[in-house]
Amino acid sequence: DANEKLTAQLATINTLQDGLREQALRDPLTGLYNRRYLEETFGRELARAARERTPLSLLMIDLDHFKRLNDEHGHAAGDQVLRWFGDLLRARLRPGDIACRYGGEEFIVLMPTAGADVALERAEQLRYAFTPLVATASGNRLTNITLSAGLAVFPDDAHSATELRRCADVALYAAKRAGRNQVTVYSRRVPEPSVEQ
198 DANEKLTAQL
208 ATINTLQDGL
218 REQALRDPLT
228 GLYNRRYLEE
238 TFGRELARAA
248 RERTPLSLLM
258 IDLDHFKRLN
268 DEHGHAAGDQ
278 VLRWFGDLLR
288 ARLRPGDIAC
298 RYGGEEFIVL
308 MPTAGADVAL
318 ERAEQLRYAF
328 TPLVATASGN
338 RLTNITLSAG
348 LAVFPDDAHS
358 ATELRRCADV
368 ALYAAKRAGR
378 NQVTVYSRRV
388 PEPSVEQ
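If you read the sequence shown in the working numbering, its first letter stands for residue 198, the second for the next number, and so on.
Here it is in structure tokens:
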């Protein structure tokens, strides 16, 4: 019957469109959500946190000395480290947390309902697991790969997506300046990066 065929074709088209949309919102290398998805989701998550009066933690993560890794071991090794980190994020985050590859070797994790203590504990678990994972997976070729992270929390540190991201970025910069391989929680006492640096 023509109606059944048409209904089946429409269902197929809808499934294909859903698949294409999902592909457009995923980073092809890591399988994590991409920056576009973060931009679409961040405001919605912030509005929900405000409405429900719950915290929303933003964790900004950068893989330390990633350029050197690419220079010394090649881009294939760098890509593999990014994939391993994506796998680690998927394995270690809570259901409902949103992990995105923000660009290059930088990642953002949104943690709905997580205050600073919960988010910091999760960030430290990621940090402690990352270096041994890479060393083991690479057959001990890559032993000095670490990560730095900055953490900021709505509503304690900021009330807008832009401001929350800026606070997490300031905390990340402080972690890198303090020697890398650490997680820094945003504080108004953390100095802002100067323009000259």
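Virtual Cβ for every residue (Gly too), placed ideally from N, Cα, C.
Practice task
Give me the Cα-Cα distance between ASP314 and SER345, rounded to the nearest whole angstrom.
Solution key: As a working mapping, residue 314 is identified with position 117 in the sequence shown. As a working mapping, residue 345 is identified with position 148 in the sequence shown. Each residue's Cα considered, the two are about 17 Å apart.
Handout entry: Best match in TYR234, GLU321, LEU361 for proximity to ARG289 [C-alpha to C-alpha]
Key = Counted from its first residue, the sequence shown places residue 289 at position 92. The candidate whose alpha carbon is nearest that of ARG289 is GLU321.
Practice task
Below 8 Å CB to CB, which residues in the same chain sit around ARG233 once its five sequence neighbours on both sides are set aside?
Solution key: Here residue 233 refers to the residue found at position 36 when the sequence shown is read from its first residue. ALA221, LEU222.
Exercise for the section: Can you give me the start and stop residues for the beta strand (DSSP E) that ALA346 sits inside? Expected result: Here residue 346 refers to the residue found at position 149 of the sequence shown. Counting along the chain, the beta strand (DSSP E) containing ALA346 begins and ends at 344 to 351.
Exercise for the section: Decide if GLU302 is buried, meaning its Cβ has at least 16 other Cβ atoms within 10 Å, or exposed. Expected result: Residue 302 sits at position 105 when you count from the first residue of the sequence shown. Looking at its Cβ environment, which holds 16 or more other Cβ atoms inside 10 Å, GLU302 is buried.
Exercise for the section: Just list the alpha helix (DSSP H) runs in the stretch 216 to 290, keeping only unbroken ones of 4 residues or longer that don't cross its boundaries, in chain order. Expected result: 232 to 249, 263 to 270, 272 to 289
Problem - Among ARG362, PRO225, ALA199, GLY312, nearest to GLN163 - alpha-carbon criterion - result: The displayed coordinates of the chain run from 198 to 394. Any statement about residue 163 would go beyond what the structure contains.
Problem - Residues of its chain near LEU339, where Cβ-Cβ distance is below 6 Å and the 5 sequence neighbours each way are ignored - result: Working through the sequence shown from its first residue, we reach residue 339 at position 142. Counting only Cβ-Cβ distances below 6 Å, and skipping sequence neighbours, we find VAL331.
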